[in-house]
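To start, the structure under review is shown below, and the notes come after it.
Number of protein chains: 4
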Amino acid sequence: MMTRHRFIFGLGCLILLCGQAVSHDPRYRTPIRIPDIPGYKTLKCDFHTHTVFSDGAVWPDIRSEEAWREGLDAVAITEHIEYQPHKEDLPTNHERSFEIAKPHGDRLDVIVIKGSEVTRDMPPGHLNAVFLEQAGPLDTEPWSQALEEAHSQGAFIFWNHPGWDGQQSDGVARWYPEHTDLVEKGQLRGIEVINAREYYPEAHRWCLEKNLTILANSDIHWPLNLDYDVRQGDKRPVTLVFAEERSAEGIKKALFARRTAAYAAGMLIGKEEFLGPIFEASVEVLNSSVELRGTRPSFVRIHNHSEIDFELTGASSFVEISAPDELVLRGESTVLLQIRSTSRERSGSKSFRLGYSVDNLKLTPDRTLSIAFPIEVTFVPEPEE
Amino acid sequence: MMTRHRFIFGLGCLILLCGQAVSHDPRYRTPIRIPDIPGYKTLKCDFHTHTVFSDGAVWPDIRSEEAWREGLDAVAITEHIEYQPHKEDLPTNHERSFEIAKPHGDRLDVIVIKGSEVTRDMPPGHLNAVFLEQAGPLDTEPWSQALEEAHSQGAFIFWNHPGWDGQQSDGVARWYPEHTDLVEKGQLRGIEVINAREYYPEAHRWCLEKNLTILANSDIHWPLNLDYDVRQGDKRPVTLVFAEERSAEGIKKALFARRTAAYAAGMLIGKEEFLGPIFEASVEVLNSSVELRGTRPSFVRIHNHSEIDFELTGASSFVEISAPDELVLRGESTVLLQIRSTSRERSGSKSFRLGYSVDNLKLTPDRTLSIAFPIEVTFVPEPEE
Amino acid sequence: MMTRHRFIFGLGCLILLCGQAVSHDPRYRTPIRIPDIPGYKTLKCDFHTHTVFSDGAVWPDIRSEEAWREGLDAVAITEHIEYQPHKEDLPTNHERSFEIAKPHGDRLDVIVIKGSEVTRDMPPGHLNAVFLEQAGPLDTEPWSQALEEAHSQGAFIFWNHPGWDGQQSDGVARWYPEHTDLVEKGQLRGIEVINAREYYPEAHRWCLEKNLTILANSDIHWPLNLDYDVRQGDKRPVTLVFAEERSAEGIKKALFARRTAAYAAGMLIGKEEFLGPIFEASVEVLNSSVELRGTRPSFVRIHNHSEIDFELTGASSFVEISAPDELVLRGESTVLLQIRSTSRERSGSKSFRLGYSVDNLKLTPDRTLSIAFPIEVTFVPEPEE
Amino acid sequence: MMTRHRFIFGLGCLILLCGQAVSHDPRYRTPIRIPDIPGYKTLKCDFHTHTVFSDGAVWPDIRSEEAWREGLDAVAITEHIEYQPHKEDLPTNHERSFEIAKPHGDRLDVIVIKGSEVTRDMPPGHLNAVFLEQAGPLDTEPWSQALEEAHSQGAFIFWNHPGWDGQQSDGVARWYPEHTDLVEKGQLRGIEVINAREYYPEAHRWCLEKNLTILANSDIHWPLNLDYDVRQGDKRPVTLVFAEERSAEGIKKALFARRTAAYAAGMLIGKEEFLGPIFEASVEVLNSSVELRGTRPSFVRIHNHSEIDFELTGASSFVEISAPDELVLRGESTVLLQIRSTSRERSGSKSFRLGYSVDNLKLTPDRTLSIAFPIEVTFVPEPEE
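Protein sequence lines correspond, in order, to chains R, V, G and P.
Residues are numbered in our numbering as their position in the first sequence, beginning at 1, plus a constant of 51.
Residues are numbered in our numbering as their position in the second sequence, beginning at 1, plus a constant of 51.
Residues are numbered in our numbering as their position in the third sequence, beginning at 1, plus a constant of 51.
Residues are numbered in our numbering as their position in the fourth sequence, beginning at 1, plus a constant of 51.
What follows is the structure in structure tokens.
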């Protein structure tokens, strides 16, 4: 009977008691498949999360567990300093959520980063300070003093959701003199170009113009699957960090050096020096030489090792050959790129560079990454049937 | 630009405002498709959950939200009275998690039930009291007094995970004189035949012998998707309650009247008076008359309106016809049941009752539900080719 | 050992015996969940398919089997008359594919319709004749005579993929005098507004202006899962036919009476007299009365019984309440529609009709279905905290 | 309008041009993730398929296309010589299906192999000959002569579905003197240990005893998604071939050298010299040193690069530590293997080899692969709280 019932309900489980840690079903981590690039590891990070210690809904160790499960390398715990709606049940303690999340992360090899969200009216709005030593000293009246304190601890400070309609009713991000001042003092170093499901093109532009770090964070409050529909494959946004080493120090250094990209909703946002190499490291042309007989199609087979579906559009056009104007390089799959000669009688050989724009790799709000596949074609004439 | 960025990231969202409730992405409820039966509504309930107010990991409103999303009708919040590992951060308040979960449930039309887990050594082990007025008075030394108190409040009391290896190292449930005593006093009314992923056949037998209510509960501590792999379609166990009306009162009355079944891992456990009608209400034979020409196959088409995959085995055998020995009636699908004549020359008409055992509808630990499809066959002889 | 290996590999199977029909794994039909409307059954039909008997790649019975599996009610087999690329292996026989597909459909209760594709240069291009008696007589030189013949057999004739880039290099459908002539003679009765993955807005307009029947067909040549990515939930387009009865005759009558809509890629295209009732029959408002306390949100819960994700946009705006501007009513789910009062002090009761446009229910190329939810609101003022 | 409608229906497509090859939606290949082993490439092959040219239901090029899409390296086309149920429509031509399938495979870089199924009563039953020069000469009365002919062409001959209930009504494979004779003449070289969904343990034993090649083939007749439920992730069985090079010659040589394994329903069947290296190449222990503080758990993180879910059972037991008795190493995921000290006071360091049996890697019908993880443990005593 024992064997029978265990078999029916699969690999066991359960819970336990008094003073003991909880044991569980098998726990799995699913990697985020985006490759490293030459010189850097591509780390997947979320620098903006909440727990019950401010207005979130989970115990802090859950943020470490979720990060591990989803293939993240690092997560920052960033409670609101000023907004403590649970404080009557759970008295304010600004250091506590990190204290709880950190050892759980350590056991799973997830890097847990101490942070806080300085939560003020606009300007300057909400700002996250990550890589703090102590969060408590930020609990001070003038916001400038709170940021000063974070800065003096060596924290990396960025502006959260600048177009959030809680502070900008039309959803448009606006730059204030206060932000200029913070940048000049070296206190404001980055902006959330993506927060949860919102993209702020203005913020994207400011990052490029003012030399600030691009970030994409979840700002998650509920358990992950209630904010992201994991049953349907939905995922939180992450900041890709291009780090010399997989460590807290490596991440911090990369943030200050602006070696990041945003990854959200199947889209990458970042500078060409990072997005280009990601595309290069992801995509492999399996055969770049094709023979074209008459007008019959031949195929260039292209494998995409990453999980990103690269959306190619705007094929370059040639007199001699036709190629699809649009093509999706589906993640972890090989696709056929179909080439034909435009004439039955053509003969000889020729090289082409078949260019495309990658629509979901965004360099600026208005420009996407351009790529090209080198193709060698041998034409074999085929007489009319 | 606004239209563009909204379009890219889909239907909007967003997040708090100081002092305001949080607003979110669209929130969806997926029904559990198990039909009502004659005379009763089939309510889906979980009578055993934890939050940060004992050793769980979510704020209490999350339990109401999860219940709504997953198609549950009711959820009980049942913190440990005696086990309060978060109390240094979150001082003990036995009434508080229900106070928080209840209004969230009300807004979503989920019935939230006040309960507590009396958490003692074996015997009597852990017992849940649900439909409490006040949980605080259960915080008293002798367990008999705690259960007395719950009983005096009119609570329904059941024994949790009787074979749990935290209290029975071999995983086998054992009945103690203390349990006999509780049953005799009318205090112990039910047992978890299923807790999380474990099934206790001994407990199943006791429910039948001692006339106790069958329960299946999640005993969930973490956010749902961390304990159940929702990405892969995994689900928590639920107690099906056959209630005269969809209300707290209707559920309480049904529990005392033992009108329940356990639903876990695609299996139903309960009495024939409930499992029979569920099968009847779920399964529709679309054509019960078939013509058999020679030995060529014909099909009885059977539609299953429920989400349960009914696993039929052990077909009754007949001289005149053959039918598949095994067949799965996949949920929300129509299946072909293939019938053939055993002889090319047979003619005439005949009625059959094609019986099967439904392997995943368990009446006792050793017996499953028997069903039969009535089929009218007309035989048309077909000469040798 | 026997039991062991059967268990491992699941519910058995297998394959033929010389001269015998093949037996298989359990075969399942998944319904297309779109409800009937008052007065009519909503039948799901594909009027354009090919097999090895013209330039398709499957034996004809496969088209019946695929139709049954996917929840279709009817499928027409419509080989090219003039294009017979397999004829050196498989000599032309215009009646044969229907002869093979029909008995397989009969056994599964799928209605199989005899048709042919008259395959000519533009004008008039390719036209399907369905509900033919005999396909052979259409194999005649002047296209006008082929259509005359089909018409004399009582067939329903429609124009296929009018903007297909094999005949219109810019993908734009063009109307020729020949088509006017065919309409005037009563021979041309409908147009494919959707063929496979293409939508022709010009054709949509012509159906409305010239009183022609709207069709959406697959024009499938390969096995279904090679043309539609079923692993990812991709589906073929179908014509919804609003029929008085589920029969070949019922379908034919409805086609001539223009009682159809196109269903493709999650979108419905048709007249308001059909799309309105489909929305009505699909969507149920579970609670239309809400109480609004201060500016806290309340929820109208809306259940969608159909499989279509209705995409609502453009909420009507009111002084007293705010509602989401966009909302997807996900198929077979309940969604929360969140309402708030715009003022904390408001009191009293009021009725609203909250209107939306359903973006994926298209009445014309430029206009979508408008709907409204009646909502009763009771305002409860809430003093400043 | 054009942009609008293209956008709605995604990346365009479409179909035929008179006399021209058909063009399609993007076509994708999903790799089968099983790694190469030292010295050999792991090729995925199906040596048993049918088309309309015997009793199958697809045009032959579809078998090449399906093979490419599913990540196969090679497919053999093996029509029945003697069973030609379509011959009245499609006159018998034993060479033709290979002629059609081969160039389609060439364009996709799928290796298409010429074969035939010699289809006789038992004994000897059905046998496949692959790597034929000409199939026609096998169409001769005495089966011994047909096999002689195949052998003289250098073909590799194997016995199909030896326990198939069309020839063995109890599903048990039986060995006849005729098979001994064929083995002695060097004509019979392998057996299908798996055909479609059936596993024949007797055949598995014979392969080991008589030194024959293990094969697993689909014997597919219908389009793949009608025989395998691809919507649910179901897959055909394949023979893994360990080849020195990815070529027809490399495969043929490996077959004769018995370098194969069967892969079906998530299970591998083969010799330890192949399954051991597959496990080794798939599984990576990310941290083999753990520190155990008191009785608190620590984790060994194990990543599985393959797609196979390795099912570990029967953990070796130790006095000092406890580990889970069962654990599934889910494909393309990292799992936590939880270790605890059995005593709070233990100190010092010790090495363990934590052994498991891999239940779904079968060396014989009765024995599975044994593996062990080397683990270094440092014990840190923790005083009673």
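We put the CB at the ideal spot given by N, CA and C, even for glycine.
Any C-beta of chain P under 9 Å from that of residue i
i: tyrosine 134/R; result: no
i: serine 349/R; result: yes
i: glutamate 383/R; result: yes
i: valine 73/G; result: With a pLDDT of 37 at valine 73/G, under the threshold of 50, the modelled position of that residue is not reliable, and the figure given next carries that caveat. Chain P, which has a Cβ nearer than 9 Å to the Cβ of valine 73/G, makes this yes.
Closest residue to residue i among the options (Cα-Cα distance)
i: phenylalanine 293/P; options: Thr311/P, Lys303/P and Asp285/P; result: Thr311/P
i: leucine 94/G; options: Asp221/G, Asp106/G, Phe424/G and Lys304/G; result: Lys304/G
i: alanine 247/R; options: Gly166/R, His212/R and Glu253/R; result: His212/R
i: glutamine 238/R; options: Thr385/R, Ala197/R, Leu266/R and Arg80/R; result: Ala197/R
i: glycine 166/P; options: Ala316/P, Ile208/P and Lys92/P; result: Ile208/P
i: proline 375/V; options: Val351/V, Gly382/V and Phe98/V; result: Val351/V
i: threonine 170/P; options: Ser333/P, Ser384/P, Val163/P and Ile132/P; result: Ile132/P
i: alanine 118/P; options: Ser357/P, Cys96/P and Ser402/P; result: Cys96/P
i: isoleucine 83/V; options: Arg287/V, Ser105/V and Gly187/V; result: Arg287/V
i: glutamine 204/G; options: Ile422/G, Trp210/G and Leu189/G; result: Leu189/G
i: valine 428/P; options: Ile372/P, Leu306/P and Asn276/P; result: Ile372/P
i: lysine 437/G; options: Arg418/G, Arg404/G and Asp360/G; result: In the structure as shown, chain G starts at 52 and stops at 436, and residue 437/G therefore has no counterpart that could be examined.
i: serine 115/V; options: Asp172/V, Leu275/V, Pro432/V and Val163/V; result: Val163/V
i: glycine 345/P; options: Lys153/P, Gly301/P and Glu396/P; result: Glu396/P
Beta carbon proximity, residue i to chain V, threshold 9 Å
i: valine 379/G; result: yes
i: alanine 118/R; result: no
i: arginine 80/G; result: yes
i: arginine 147/G; result: no
i: proline 77/G; result: yes
i: arginine 282/G; result: no
CB contact check: residue i to chain R, cutoff 9 Å
i: arginine 158/P; result: yes
i: valine 386/P; result: yes
i: asparagine 338/P; result: yes
Residue i beta carbon near the ligand GDP (any heavy atom closer than 8 Å)
i: proline 375/R; result: With respect to the ligand GDP, the structure shown offers nothing to examine, as it has no ligands at all.
Whole-angstrom distance between residue j and residue i, CA atom to CA atom
i: serine 398/G; j: phenylalanine 430/G; result: 4 Å
i: leucine 412/R; j: leucine 326/R; result: 7 Å
i: proline 434/P; j: proline 136/V; result: 19 Å
i: leucine 178/R; j: alanine 316/G; result: 42 Å
i: arginine 120/P; j: glycine 156/P; result: 11 Å
i: tyrosine 250/V; j: glutamate 295/V; result: 28 Å
Anticipated Cβ contact below 8 Å, residue i with residue j, distance rounded
i: isoleucine 265/G; j: alanine 313/G; result: 5 Å
i: valine 386/R; j: proline 77/P; result: 6 Å
i: isoleucine 85/G; j: isoleucine 329/G; result: 6 Å
Residue i, enclosing alpha helix (DSSP H) - first and last residue
i: arginine 256/G; result: 252-260
i: glutamine 196/P; result: 194-203
i: valine 370/P; result: Segment: none, valine 370/P is in no alpha helix (DSSP H) and carries neither H nor E.
Bounding residues of the beta strand (DSSP E) (the contiguous stretch that carries residue i)
i: isoleucine 162/G; result: 162-170
i: proline 425/P; result: 418-431
Interface flag, residue i vs chain G, CB-CB below 9 Å
i: aspartate 517/P; result: Since the first residue shown for chain P is 52 and the last is 436, residue 517/P is missing from the structure and cannot be characterised.
i: arginine 395/V; result: no
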